[in-house]
DNA sequence: TATTGTTATACTCTATAACTATA
DNA sequence: TATAGTTATAGAGTATAACAATA
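Protein chains in written order, with my numbering: chain V, 13 to 165; chain A, 13 to 165.
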């Protein structure tokens, strides 16, 4: 039996606790979305399209930190579910525009209320100053590290 | 053009910011581990085995919230890298014991220092009371929701 | 030649379920 | 029959890179 080197416990890392909670929150949300036959990545794309009217796939890929290939497959699924449309751009035919269908536009507010409910479930008990402090710290870390893309997974 | 229903911005959810930071922290850590040819899931298993001496795969699966099938494949990879051994149990041959090899045992402290460094990078700037508060809040949420498994992904 | 979007390949993880060896 | 571990299949992500169409 070899000697044990001193190794810090995983629970000593703040990143561990963050991932612990974040994974459970995301998982609980994904279960709620699954009841509507939507994945978290799909939800994020639908949410992006809700305000933007028409968006080019490459732009979505940049904003979400996904590859164009990943977006392409994702849009395939959303189109198959009749939630999103691809419209060819006549001026420059390399481009296309993504837009919500009527069905997709109707679905977003429902999914959004699932997100509200999920957040309330996990963080609703926090005192307002606690909540504000966590939010401030997280935003601060995002800013310090120049994080730009919306988290999808 | 249809009327827009009021939809809360994603940034209004604390879960959004948590996932944002947590994903970046985990991603940065996975890059550090990749330099040692190890994934995050593999690291968690190695870390589990470091203290426990010998562990049954089903127990690992339970603790990490993974299926037995997932653990089986994971252990295949770790065994192929000569980091983990499977030892058949002679008393009940349905069981086996997992244990670190010498190489695996040597590697864990190195990976652990990568974890330390990663945590420091993202949370080192926090004032001790801030850090303590975040940690307390996260642990509290874990306790409230009866979360038991170690987060892997 | 550069860019958009698609497609192919490979890899990690997930989940379900069939399968084997053993008890 | 129940359990431990393996294997197969399918699905959702990731990444890289080749590819066709267009500019």
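Glycine included, each C-beta is placed from N, C-alpha and C at the ideal position.
Residue of 77(A), 111(A), 28(A) and 62(A) minimising C-alpha distance to residue 160(A) | On the second chain, residue 160(A) is found 148 positions in, with the first residue counted as 1. For the residues 77(A), 111(A), 28(A) and 62(A), the minimum Cα distance to residue 160(A) belongs to 77(A).
Locate the alpha helix (DSSP H) running through residue 112(V), then write down its first and last residues.
-> As a position in the first chain, residue 112(V) is number 100, starting the count at 1. Per DSSP, residue 112(V) belongs to no alpha helix (DSSP H); it is in the beta strand (DSSP E), 108 to 112.
May I ask you to verify whether the region 35 to 50 of chain V touches the region 69 to 88 of chain V, counting CB pairs closer than 8 Å and requiring at least 3?
-> no
CB contact flag (residue 117(V), residue 108(V), <8 Å) | Position 105 of the first chain, counted from the first residue, corresponds to residue 117(V). Position 96 of the first chain, counted from the first residue, corresponds to residue 108(V). Contact: no.
Proximity to residue 25(V) [Cα-Cα], best of 132(A), 138(A), 115(A) and 103(A) | Taking the first chain and counting its residues from 1, one reaches residue 25(V) at position 13. Out of 132(A), 138(A), 115(A) and 103(A), 132(A) has the C-alpha closest to the C-alpha of residue 25(V).
Residues of chain A with CB under 7 Å from residue 96(V), in chain order?
-> Start at 1 with the first residue of the first chain, and residue 96(V) comes out as number 84. Here the premise fails: no neighbours, minimum Cβ distance about 15 Å.
Spatial distance of residue 150(V) from residue 145(A) (CA atoms) = Along the first chain, read from residue 1 onward, the residue named residue 150(V) stands at position 138. Along the second chain, read from residue 1 onward, the residue named residue 145(A) stands at position 133. Roughly 13 Å between the two C-alpha positions.
If we count the other Cβ atoms within 10 Å of its Cβ and call it buried at 16 or more, is residue 147(A) buried or exposed?
-> The residue you call residue 147(A) lines up with position 135 of the second chain. Result: buried.
Exposed or buried, residue 94(V), counting other C-beta atoms within 10 Å across all chains shown (16 or more means buried)?
-> Here residue 94(V) refers to the residue found at position 82 when the first chain is read from its first residue. Flag for residue 94(V) reads exposed.
Sort 31(V), 158(V), 80(V) and 45(V) by Cα distance to residue 120(V) and report the nearest one.
-> Start at 1 with the first residue of the first chain, and residue 120(V) comes out as number 108. Residue 120(V) has its Cα closest to that of 45(V), out of 31(V), 158(V), 80(V) and 45(V).
Just the Cα atoms here: how many angstroms apart are residue 66(A) and residue 122(A)?
-> Residue numbering aside, residue 66(A) sits at position 54 when the second chain is read from its first letter. Residue numbering aside, residue 122(A) sits at position 110 when the second chain is read from its first letter. Distance between the alpha carbons of residue 66(A) and residue 122(A) is about 21 Å.
Give the secondary structure of residue 143(A) by DSSP, where H, G and I count as helix, E and B as strand, and everything else as coil.
-> As a first step, residue 143(A) is located in the second chain; it is residue number 131 there, counting from the start. The answer is helix: DSSP assigns residue 143(A) an H, G or I state.
For residue 87(V), three-class secondary structure by DSSP = Taking the first residue of the first chain as 1, we reach residue 87(V) at position 75. Correct three-state label for residue 87(V): helix.
With 16 other CB atoms within 10 Å as the buried threshold, where does residue 71(A) fall?
-> By one-based count along the second chain, residue 71(A) stands at place 59. Residue 71(A) comes out exposed.
Could you please tell me which residues of the region 26 to 54 of chain V, in chain order, have their CB closer than 8 Å to any CB of chain A?
-> 26, 27, 28, 29, 30, 31, 32, 33, 34, 35, 36, 37, 38 and 41
At a Cβ cut of 7 Å, what residues of the region 110 to 123 of chain A count as close to chain V, listed as they run along the chain?
-> 114, 117, 120 and 121
CB contact check: residue 151(V) to chain A, cutoff 8 Å = The count along the first chain starts at 1 and reaches residue 151(V) at position 139. Closer than 8 Å to some Cβ of chain A, the Cβ of residue 151(V) qualifies, so yes.
Closest Cβ-Cβ distance between residue 163(A) and chain V: below 8 Å?
-> Locating residue 163(A) in the second chain gives position 151, where the first residue counts as 1. So, interface residue.
Using beta-carbon positions only, say whether residue 80(V) and residue 69(V) come within less than 8 Å of one another.
-> Along the first chain, read from residue 1 onward, the residue named residue 80(V) stands at position 68. Along the first chain, read from residue 1 onward, the residue named residue 69(V) stands at position 57. Cβ distance < 8 Å, so residue 80(V) and residue 69(V) count as in contact.
If you follow the alpha helix (DSSP H) that residue 69(A) is part of, which residue opens it and which one closes it?
-> Against the second chain, residue 69(A) aligns to sequence position 57. Where residue 69(A) is concerned, the enclosing alpha helix (DSSP H) stretches over 69 to 76.
Taking the C-alpha atoms as reference points, what is the distance between residue 129(V) and residue 30(V)?
-> Mapped onto the first chain, residue 129(V) falls at position 117. Mapped onto the first chain, residue 30(V) falls at position 18. Approximately 20 Å between the Cα atoms of the pair.
Taking the Cβ atom as the reference point for each residue, do residue 158(A) and residue 134(V) lie within a distance shorter than 8 Å?
-> The residue given as residue 158(A) occupies position 146 in the second chain. The residue given as residue 134(V) occupies position 122 in the first chain. No.
DSSP puts residue 100(A) in a beta bridge; with which residues?
-> Here residue 100(A) corresponds to residue number 88 of the second chain, with the count starting at 1. Answer is 108(A), bridged to residue 100(A).
From this set, 152(V), 125(V), 137(V) and 127(V), which residue's C-alpha is nearest residue 136(A)'s C-alpha?
-> Residue 136(A) sits at position 124 when you count from the first residue of the second chain. The shortest Cα separation from residue 136(A) among 152(V), 125(V), 137(V) and 127(V) belongs to 152(V).
Kindly list the residues whose CB is nearer than 7 Å to the CB of residue 115(V), restricted to its own chain and excluding five residues on each side of it in sequence; keep chain order.
-> For the purposes of this step, residue 115(V) is taken as residue 103 along the first chain, with counting starting at 1. Here the set comprises 94 and 95.
Could you list the residues in the region 124 to 136 of chain V with a C-beta less than 7 Å from some C-beta on chain A, going in chain order?
-> 124, 127, 128, 130, 131, 134 and 135
Return helix, strand or coil for residue 47(V), following the three-state DSSP convention.
-> Stepping through the first chain from its first residue, residue 47(V) is reached at position 35. Correct three-state label for residue 47(V): coil.
Nearest-angstrom Cα separation, counted from residue 19(A) out to residue 125(V) | For this step, residue 125(V) is matched to residue 113 along the first chain. For this step, residue 19(A) is matched to residue 7 along the second chain. Straight-line Cα distance between these residues: approximately 8 Å.
Among 103(V), 101(V), 54(V) and 64(V), which has the Cα closest to the Cα of residue 84(V)?
-> The residue labelled residue 84(V) in the question sits at position 72 within the first chain. The candidate whose alpha carbon is nearest that of residue 84(V) is 54(V).
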